[in-house]
Structure formats: C-alpha cells, structure tokens
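A.B. asks: Numbered by full-length UniProt numbering, the letters in the sequence shown go through residues 1 to 254 in order. Positions of the beta carbon are idealized from the N, C-alpha and C atoms, including for glycine.
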Amino acid sequence: MTSPDPQAATQALLYLDGVNVSFSGFRALNALSLVIEPGEMRAIIGPNGAGKTTMMDVITGKTRPDQGEVLFRGTHDLTRLDETAIAGLGIGRKFQKPTVFDSHTVGDNLLLSLAGPRSPTNLLFGRLRPDAAERIDEILAVTRLGAQRDRLAGALSHGQKQWLEIGMLLAQEPALLLVDEPVAGMTDAETEATATLLREINKTRSVVVVEHDMHFVRALGVKVTVLHEGSVLAEGPLDAVSADERVIDVYLGR
Ligand SMILES: Nc1ncnc2c1ncn2[C@@H]1O[C@H](COP(=O)(O)OP(=O)(O)OP(=O)(O)O)[C@@H](O)[C@H]1O
Numbered sequence: 001m002t003s004p005d006p007q008a009a010t011q012a013l014l015y016l017d018g019v020n021v022s023f024s025g026f027r028a029l030n031a032l033s034l035v036i037e038p039g040e041m042r043a044i045i046g047p048n049g050a051g052k053t054t055m056m057d058v059i060t061g062k063t064r065p066d067q068g069e070v071l072f073r074g075t076h077d078l079t080r081l082d083e084t085a086i087a088g089l090g091i092g093r094k095f096q097k098p099t100v101f102d103s104h105t106v107g108d109n110l111l112l113s114l115a116g117p118r119s120p121t122n123l124l125f126g127r128l129r130p131d132a133a134e135r136i137d138e139i140l141a142v143t144r145l146g147a148q149r150d151r152l153a154g155a156l157s158h159g160q161k162q163w164l165e166i167g168m169l170l171a172q173e174p175a176l177l178l179v180d181e182p183v184a185g186m187t188d189a190e191t192e193a194t195a196t197l198l199r200e201i202n203k204t205r206s207v208v209v210v211e212h213d214m215h216f217v218r219a220l221g222v223k224v225t226v227l228h229e230g231s232v233l234a235e236g237p238l239d240a241v242s243a244d245e246r247v248i249d250v251y252l253g254r
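#1: How about the segment 76 to 94 and the segment 29 to 37: do they share at least three Cβ pairs that are nearer than 8 Å?
#2: In the segment 139 to 196, which residue ranges form an unbroken beta strand (DSSP E) of at least 3 residues, counting only runs that do not cross its ends?
#3: Along the alpha helix (DSSP H) that carries Asn73, what are the first and last residues, could you check?
#4: If I measure Cβ to Cβ from Gly146 and keep anything under 7 Å in the same chain, skipping five residues before and after, which residues do I get?
#5: From which residue to which residue does the beta strand (DSSP E) around Asn109 run?
#6: Quick one, what's near ligand 1 if you take every residue whose CB is closer than 5 Å to any heavy atom, in chain order?
#7: Considering just the uninterrupted stretch of the alpha helix (DSSP H) at Phe216, what are its terminal residues?
#8: Assess contact between the segment 180 to 192 and the segment 221 to 236, defined as three or more Cβ pairs (one per stretch) separated by less than 8 Å. Is contact present?
#9: Determine, using beta-carbon pairs with one atom in the segment 63 to 70 and one in the segment 174 to 185, whether at least three such pairs fall under 8 Å.
#10: Taking just the CA atoms, how far does Asp180 sit from Thr53?
#11: From which residue to which residue does the beta strand (DSSP E) around Leu238 run?
#12: If you compare alpha carbons, which of Pro65, Ser113, Gly90 is closest to Phe101?
#13: Along the beta strand (DSSP E) that carries Gly88, what are the first and last residues, could you check?
#14: Count the other CB atoms, across all protein chains shown, that sit within 10 Å of the CB of Ala234; report buried if there are 16 or more and exposed otherwise.
#15: I want to know whether the segment 127 to 138 touches the segment 154 to 166 - three or more CB-CB distances under 8 Å.
#16: If you compare alpha carbons, which of Asp244, Gln11, Ser22 is closest to Arg64?
#17: Along the alpha helix (DSSP H) that carries Ile59, what are the first and last residues, could you check?
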C-alpha cells in the first residue's frame, strides 16, 4: 500500500502513517498507514497475529511505536500522550472481555461511568451532571437494556454485558470508539442486535471495530481494512476485499 495523502493528516479523525512496532525484533506493525475520516465506522479484519490489537494499543497509548505518525484530529500527536490523556481527548476503548461491575445494578454501572464531575465526594453527595438521569435513560434505550436497569450486572447474559459495557463507554461521551471483537461468544440474534447498536452509535460518533465474524462485518455494511503481518493488505467494501485473491489466501480462504 502507498502512504496516505499527507493532506489527509489534517482532515482525518485518525491518521496513522508508517507506524512500526517491534517486540524483541519481531515486527508486529510494519509501516502501517491508515486513515479514519470524521464520522466514519471502519471494520478491521485479518488473521491472528496480524497486528489488530497492537494497532489499538498504539492508538490508545498503551504501546509506543518505534516509528511513525499517529495523529488525532490532525493536531494531537498520540505517540506523545499517555493513556489517560488520550482517553481525555475522546478516544474510548472496549476490550473483548466485558468488565462491568457485577455486584452493581445496570443503572448504577452507567451512573458510575458518566462523564462529568464524578469524584467520590460528588457521587456521595449526589452531585452529578444535571442531565445524568436523562443521559442514563438514553443509553439504556440505545443499548436495549431499559428493562434490565435494576438487575445486577452479574445476572445479565454475555451479550447484555457487552452492551452494558458499550453503554458505559458511551457514558464517557467519546468521539471515537474502539471496539475489540464485540460479538465473540454471542448468539446470532445478539450479533445482529450488536450490529444495529453500533450503526446507531455511528450516527453521532466514529467507530473502529475489530472483528472476525464475517456475518457481523457484513451487517455493519462499512468499509473494511484487512491487516496482514502488521500492514494494510486490502481496503474497501467487504464484497471487494472478499474477492481479493491475497485476502482469500491469507485469511478468508482458510
Ligand atoms: N507484548 C508483546 N510481546 C511480544 N510479542 C507481541 C506482544 N504483543 C503482540 N505480540 C506479537 O505481535 C503480533 C501481533 O499481535 P496482535 O495481538 O496485535 O495481533 P492480532 O491481529 O490482534 O491477533 P488476534 O486476532 O489473535 O487477536 C503477534 O505475533 C503477537 O504474538
């Protein structure tokens, strides 16, 4: 792949160019270049070890690249910021395994995640953002967890826990959501519902989703980037990348 147009750096929401990451001499990311436009939802696919998780780690500041540019909104150099600062810029990440608070209700999990002045003292004295109750209602509606509000999170199904965690991420009001294999272990119906949920979220936020489940990627209906050996192998609509011989060889054909 050629590098993206340098002018794209200033217009992109997320701009990666020539990113290298090595672990003990092994290139996990190899001159990776990728551009996510404002408002876009992008699906990232690729075989095990292709570098998908490492790419997310670089964007969120967990891993520092050895080389390359990583810019958010054209001006923020993510290679110089730590994880907290990057989260503060509005980049939220959902890991594969749900990490909800099992012994709290669904509603309280969301309350604890709300952006705003939520120091322990503020929570203790009920000082929350003024629209907290309204925002929780909205998130419960979009995640279809309204009927579960007073249930303990520990009692939810695996799919519902994943939706709750996506809801907790939404409560932080990120501009960009990074979502790692959200439908692993879900039923077909839950997988469909998750595609609908991410499409709904994408109406107001940008999303990068890593997923192996091709039915789910198809249901998202967005541009797909195929990673292989730490670089972009192919990019485009799912039908086009699925027909690409190189993609079939390294990933889909297996
Ligand atoms: N901390 C690390 N130390 C050494 N090697 C690592 C480390 N993290 C990742 N790697 C290696 O880098 C390569 C890319 O890994 P990465 O987890 O990014 O791939 P992936 O595309 O997310 O794979 P999967 O689909 O299996 O999650 C792999 O070969 C992996 O073993």
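C.D. replies: Once the coordinates are examined:
#1: no
#2: Taken in chain order, the complete beta strand (DSSP E) segments of 3 or more residues contained in the segment 139 to 196 are 176 to 180.
#3: Within the sequence shown, residue 73 is the residue found at index 73, counting from 1. Residue 73 is actually Arg in this sequence, not Asn. It is not in any alpha helix (DSSP H) - Arg73 carries neither H nor E in the DSSP assignment.
#4: Residue numbering aside, residue 146 sits at position 146 when the sequence shown is read from its first letter. Contacts found: Leu140.
#5: Locating residue 109 in the sequence shown gives position 109, counting from the first residue. Looking at the DSSP string, Asn109 is not in any beta strand (DSSP E); the run it does join, the alpha helix (DSSP H), is 106 to 113.
#6: Phe23, Ala28, Asn48, Gly49, Ala50, Gly51, Lys52, Thr53, Thr54
#7: Along the sequence shown, read from residue 1 onward, the residue named residue 216 stands at position 216. Taken as a continuous stretch (DSSP letters only), the alpha helix (DSSP H) holding Phe216 covers 214 to 220.
#8: no
#9: no
#10: To locate residue 53, count along the sequence shown from 1; it is residue 53. To locate residue 180, count along the sequence shown from 1; it is residue 180. Pairing Thr53 with Asp180, the inter-Cα distance amounts to about 8 Å.
#11: Walking along the sequence shown from the start, residue 238 turns up at place 238. First-last for Leu238: 238 to 242, but that is the alpha helix (DSSP H), not the beta strand (DSSP E).
#12: Taking the sequence shown and counting its residues from 1, one reaches residue 101 at position 101. Of the candidates Pro65, Ser113, Gly90, the one whose C-alpha sits nearest the C-alpha of Phe101 is Ser113.
#13: Along the sequence shown, read from residue 1 onward, the residue named residue 88 stands at position 88. Looking at the DSSP string, Gly88 is not in any beta strand (DSSP E); the run it does join, the alpha helix (DSSP H), is 83 to 88.
#14: As a working note, residue 234 is residue 234 in the sequence shown. Buried.
#15: no
#16: Along the sequence shown, read from residue 1 onward, the residue named residue 64 stands at position 64. For the residues Asp244, Gln11, Ser22, the minimum Cα distance to Arg64 belongs to Ser22.
#17: Against the sequence shown, residue 59 aligns to sequence position 59. Where Ile59 is concerned, the enclosing alpha helix (DSSP H) stretches over 52 to 59.
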